[in-house]
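Quick note on our numbering: the sequence shown kicks off at 33 and runs consecutively. Reviewing the structure listed below.
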Amino acid sequence: MLKRIAVFLVAALFAATALAEGRKRIEKATDMPRFTYKVEGKLEDLVRDEKAFGRFAAQLQRDNQSVLDGYEIADKAAHRDLLGVQAQIDFLEGRYAEAARRAEEIRALEEKPAEKLISGLAIRTMVAAQAKVGNTTSEAYRQEVGKLVAAELAKHPYPVISNDVKRYKSGAEIIGESLLMGGIRDRLQPVVDKAGGVLSSDFAPAIVSTRFALVARLPLKQTLIDTYGTYLAANKVEKPDIWAARDVELPRDGKYSPVRIAIWDSGVDAPLFRDRLVLDKAGKPLFIAFDVHENPSRSELVPIPAELRGRLPTMKSRMKGLSDLQSNVDSPEASEVKAALSKLKKEEYKAVVEELGLAGNYSHGTHVAGIAMAGNPFARLVNARLEFGYKLLPDPCPSRELAEKNARNMQAYVDFFRKNGVRVVNMSWGGTAKSVEGELELCGIGKTPDERKKIAREYFDLGKKALTAAIGSAPEILFVAAAGNSNADAAFEEAIPADIVQPNLLTVGAVDKAGDEAPFTSYGPTVKAHANGYQVESYLPGGDRVAFSGTSMASPQVAGLAAKMLAANPKLKPTEVIGIILKTVDKTTDGRRFLVHPAKALAAAKAGGN
33 MLKRIAVFLV AALFAATALA EGRKRIEKAT DMPRFTYKVE GKLEDLVRDE KAFGRFAAQL
93 QRDNQSVLDG YEIADKAAHR DLLGVQAQID FLEGRYAEAA RRAEEIRALE EKPAEKLISG
153 LAIRTMVAAQ AKVGNTTSEA YRQEVGKLVA AELAKHPYPV ISNDVKRYKS GAEIIGESLL
213 MGGIRDRLQP VVDKAGGVLS SDFAPAIVST RFALVARLPL KQTLIDTYGT YLAANKVEKP
273 DIWAARDVEL PRDGKYSPVR IAIWDSGVDA PLFRDRLVLD KAGKPLFIAF DVHENPSRSE
333 LVPIPAELRG RLPTMKSRMK GLSDLQSNVD SPEASEVKAA LSKLKKEEYK AVVEELGLAG
393 NYSHGTHVAG IAMAGNPFAR LVNARLEFGY KLLPDPCPSR ELAEKNARNM QAYVDFFRKN
453 GVRVVNMSWG GTAKSVEGEL ELCGIGKTPD ERKKIAREYF DLGKKALTAA IGSAPEILFV
513 AAAGNSNADA AFEEAIPADI VQPNLLTVGA VDKAGDEAPF TSYGPTVKAH ANGYQVESYL
573 PGGDRVAFSG TSMASPQVAG LAAKMLAANP KLKPTEVIGI ILKTVDKTTD GRRFLVHPAK
633 ALAAAKAGGN
């Protein structure tokens with residue numbers, strides 16, 4: 033009997049080895065297999081109709097499983113995404129035990145401390161409540177879900193999971209049927225119409241997540257708000273702030289040299305920094321800008337369409353409201369935006385969502401500049417404005433001409449920096465090859481996923497090659513990039529500039545004020561430093577102050593530190609500045625975070641880098 037078991041074990045070992053050897057490894061997001069799905073009728077009907085959805089979901093689940101079974105995916109985030117779709121389909125189709133099993137698979141693949149504890153919380157508690165109560169539409173079921181969520185949260189340390197719980201609560205507060213269905217009606221339906229009733233696997237998961245939210249999550253809206261709210265109210269514990277002791281401000285009367293720092297972003301409200309601007313020959317703020325069509329622009333901030341200029345106060349108020357919701361702050365602005373989004377009428381969706389996107393673009397660069405310039409009276413600001421799209425459908429659509437103009441403009445920006453003596457450049461933006469594929473599909477360009485993949489690769493590589501070369505052409509300038517907010521490996525996603533490797537480029541991930549990894553931050557081999565990117569307060573255009581979160585807020589912390597180091601020691605080269613910053617970081621025991629230490633880095637810079 034023992035011999036037979038040994039034989040079976042050996043056979044199983046060889047079978048597992050053969051299976052592993054037969055699985056193709058996916059090293060990049062663009063290597064993921066692509067599928068297409070024929071859609072009959074309207075997508076909204078597909079989401080709402082149980083039988084139609086079941087047929088669609090069966091095809092999608094089959095294809096996802098073929099990828100999970102046939103490929104080894106290098107990035108755990110991509111692996112988790114596939115499992116997440118599978119788990120949602122299983123729950124919607126009544127395969128509750130299978131949904132719970134997949135949720136545990138996802139949790140086993142988590143890498144961040146909070147997610148290791150509470151990943152899959154919703155599905156796991158919903159499955160457990162269904163097993164006990166049965167009827168998922170009953171009040172008893174809702175009460176059981178709330179009870180189970182509360183019990184689960186109580187088991188874990190508040191400082192570790194608090195940021196995630198606040199995010200869960202804010203998500204529950206703004207959810208509403210029109211907000212859920214708006215993206216299906218106004219964004220994806222035009223795609224299907226242009227493609228003759230076909231949707232790719234890039235957008236198919238949105239059908240599943242929308243139905244899951246509509247059928248499974250929306251009925252639990254108030255239960256979840258109450259449960260998360262009660263938990264947060266009972267744990268009003270401020271996390272320790274590690275940055276206060278690390279931060280450093282340069283005294284105005286110190287012996288420091290002016291340092292020019294460029295905010296390569298969506299534009300800066302120059303008057304807010306009037307005493308620290310680089311001026312042109314006419315005495316006006318020096319800046320360079322290209323618009324969304326990659327044409328030169330004379331606008332220092334994102335232009336606001338005439339019909340929306342009167343809406344600017346509301347737009348900025350909603351930016352603050354969303355920030356307050358994320359922080360679990362009860363404010364008039366939070367209440368307004370919560371009501372506006374959760375009670376949205378379907379005909380309002382496009383205008384409201386695009387307005388929020390425009391407000392974000394309008395605010396972003398100024399907020400980033402305020403962080404980078406903080407505590408440094410010797411910093412001198414240069415505005416380098418990019419223009420990002422904010423509409424539900426790309427405008428303009430990707431094209432070879434646009435990609436070539438963008439490639440030329442990358443070099444034009446860097447040439448401008450060099451000509452004007454810029455020492456540090458902050459880049460809190462990014463893009464990926466997959467995102468170009470998505471824009472192509474939204475625009476109806478390319479007949480098949482493979483055709484779009486080829487076109488996207490061509491356009492993306494033009495931009496990445498140009499940006500890499502431009503950064504490399506300015507070895508005297510330090511470039512600081514944000515890692516990205518997709519909670520994924522920046523290298524796997526081929527995110528630029530985060531994935532670019534140049535000796536004068538440093539990529540930064542985000543942690544919170546206690547040094548805990550932010551739920552959204554991307555990571556990977558190019559992410560070498562971490563700074564506070566969670567609810568960081570800075571300026572909006574006009575001078576209002578608000579807290580935003582993102583690696584966009586972490587990157588300028590490091591760019592600002594570099595400018596202080598160069599003010600103290602102008603002779604330092606970019607590679608030396610990076611070397612000092614990385615030499616003085618505190619590496620966490622999990623090996624994932626490299627927390628910058630501004631005071632130590634500045635002291636080392638003053639000492640000549642030793």
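Ideal placement from N, C-alpha and C gives every residue a C-beta, glycine not left out. Given the structure is predicted, the values throughout are model-derived calculations rather than measurements.
The segment 341-350 makes contact with the segment 383-393; the number of CB pairs closer than 8 Å reaches 3 or more. For R112, there is no enclosing beta strand (DSSP E); the residue is part of the alpha helix (DSSP H) that begins and ends at K108 to L124. Here the segment 506-520 makes contact with the segment 109-120; the two share three or more CB pairs at distances below 8 Å.
Contact between the segment 605-615 and the segment 305-320 is absent: fewer than three C-beta pairs spanning the two stretches fall below 8 Å. In the three-state reduction of the DSSP assignment, D77 falls in the helix class, which pools H, G and I. Under the three-state reduction of DSSP output, Y445 falls in the helix class. According to DSSP, H188 shares a beta bridge with no other residue. For W296, DSSP records a beta bridge to A416 and M459.
The three-state reading of DSSP puts Y566 in coil, since its state is none of H, G, I, E or B. Uninterrupted beta strand (DSSP E) stretches at least 3 residues long and entirely within the segment 478-516 occur at 510-514, given in chain order. Uninterrupted alpha helix (DSSP H) stretches at least 4 residues long and entirely within the segment 373-397 do not occur. Under DSSP, T68 takes part in a beta bridge, and its partners are S232.
Judged by their CB atoms, V310 and L304 are not nearer to each other than the 7 Å cut-off. Burial check for P189: the Cβ neighbour count within 10 Å stays below 16, so the residue is exposed. Between V628 and A563 a beta carbon distance of about 5 Å is seen, short of the 8 Å cut, so the two are scored as contacting. Pairing E471 with P430, the inter-Cα distance amounts to about 7 Å.
With respect to T157, D301 sits apart: the two C-beta atoms are not nearer than 7 Å. For D77 and N167, the gap between their C-alpha atoms comes out near 24 Å. The DSSP assignment places complete alpha helix (DSSP H) segments of no fewer than 4 residues inside the segment 271-315 at 275-278, in order along the chain.
Per DSSP, reduced to three states, the secondary structure at L153 is helical. At the C-beta level, E525 and A238 stay beyond 7 Å of one another.
S374 and K352 have their C-alpha atoms some 17 Å from each other. Rounded to whole angstroms, the separation of the alpha carbons of V223 and R94 is 23 Å.
Using a C-beta cut-off of 8 Å, the segment 491-498 makes contact with the segment 436-444, since at least three inter-stretch Cβ pairs fall below that distance. T480 has its alpha-carbon roughly 10 Å from the corresponding atom of K486. Take the alpha-carbon of F626 and the one of E205: they are about 34 Å apart. Under DSSP, I138 shares a beta bridge with no residue.
In this structure, the alpha-carbon of R57 lies about 5 Å from that of E104. Per DSSP, the unbroken alpha helix (DSSP H) holding L474 starts and ends at A465 to L474. Taking C-beta atoms under 8 Å as the contact rule, P65 and V117 fail to qualify, at a distance of about 14 Å. One thing to note: L510 has its Cβ within 7 Å of the Cβ of V456. Counting every other CB atom within 10 Å of its CB across the protein chains shown gives V269 a total below 16, marking it as exposed. For the pair V369 and V361, the Cα-to-Cα distance works out to about 13 Å.
Membership of E59 in any beta strand (DSSP E) is not indicated, and neither H nor E is assigned to it by DSSP.
In the structure shown, R624 adopts coil according to DSSP, grouped into three states. For the pair of segments examined, the segment 172-182 was found to touch the segment 146-162: the number of CB pairs separated by less than 8 Å reaches three.
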